[in-house]
Amino acid sequence: MGQISSTLRRVQGGFAHWCPGCKEMHILPDRWTFDGNLENPTFSPSFKHSFIQRVFVNGEWTGEWKRDAGGNTIPYICHYNLIAGQLQFCVDSTHALAGKTVSLPKLPEGLTDEYQG
Ligand SMILES: [Zn+2]
Numbered sequence: 217m218g219q220i221s222s223t224l225r226r227v228q229g230g231f232a233h234w235c236p237g238c239k240e241m242h243i244l245p246d247r248w249t250f251d252g253n254l255e256n257p258t259f260s261p262s263f264k265h266s267f268i269q270r271v272f273v274n275g276e277w278t279g280e281w282k283r284d285a286g287g288n289t290i291p292y293i294c295h296y297n298l299i300a301g302q303l304q305f306c307v308d309s310t311h312a313l314a315g316k317t318v319s320l321p322k323l324p325e326g327l328t329d330e331y332q333g
């Protein structure tokens, strides 16, 4: 367990990577197909992470949900393919990178280990 490349960590039950759309780590479960390429990984099929939007103050969840004018909670979707180290975000994602393709980012500081690349 721990960092296994500049972009991936091994975690219980899968792999974890930084998502530049959500600004958090996502887990890629072991039951997905992985080509074994640690620096430019390909996983299939696509990943779809869906949440209810939360209220954060200073990076801490307040325990509250964001709500629309009608008082309803707001869905949050992050849907993408990870192919050859490229995150291909689907248009149904609710964040700013929907429909865009970006390189899998290196793990941010604080989420890296002492690791010999
Ligand atoms: Zn995401």
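In the numbering used here, the protein residues as written are 217 to 333. A virtual CB, placed ideally from N, CA and C, is assigned to each residue, including glycine.
One residue after another in chain order, those with a Cβ under 6 Å from a heavy atom of ligand 1 are Cys235, Gly237, Cys238, His242, His265, Cys294. Nearest Cα to Asn253 within the set Arg225, Gly326, Gly279: Arg225.
Three or more pairs of CB atoms, one per stretch, sit closer than 8 Å, so the region 264-275 contacts the region 288-295. When only Cα atoms are considered, Lys282 and Asn288 end up about 8 Å apart. DSSP, reduced to helix, strand and coil, places Pro236 outside both helices and strands of the structure shown, so it counts as coil.
Counting along the chain, the unbroken beta strand (DSSP E) around Asn297 starts and ends at 291-299.
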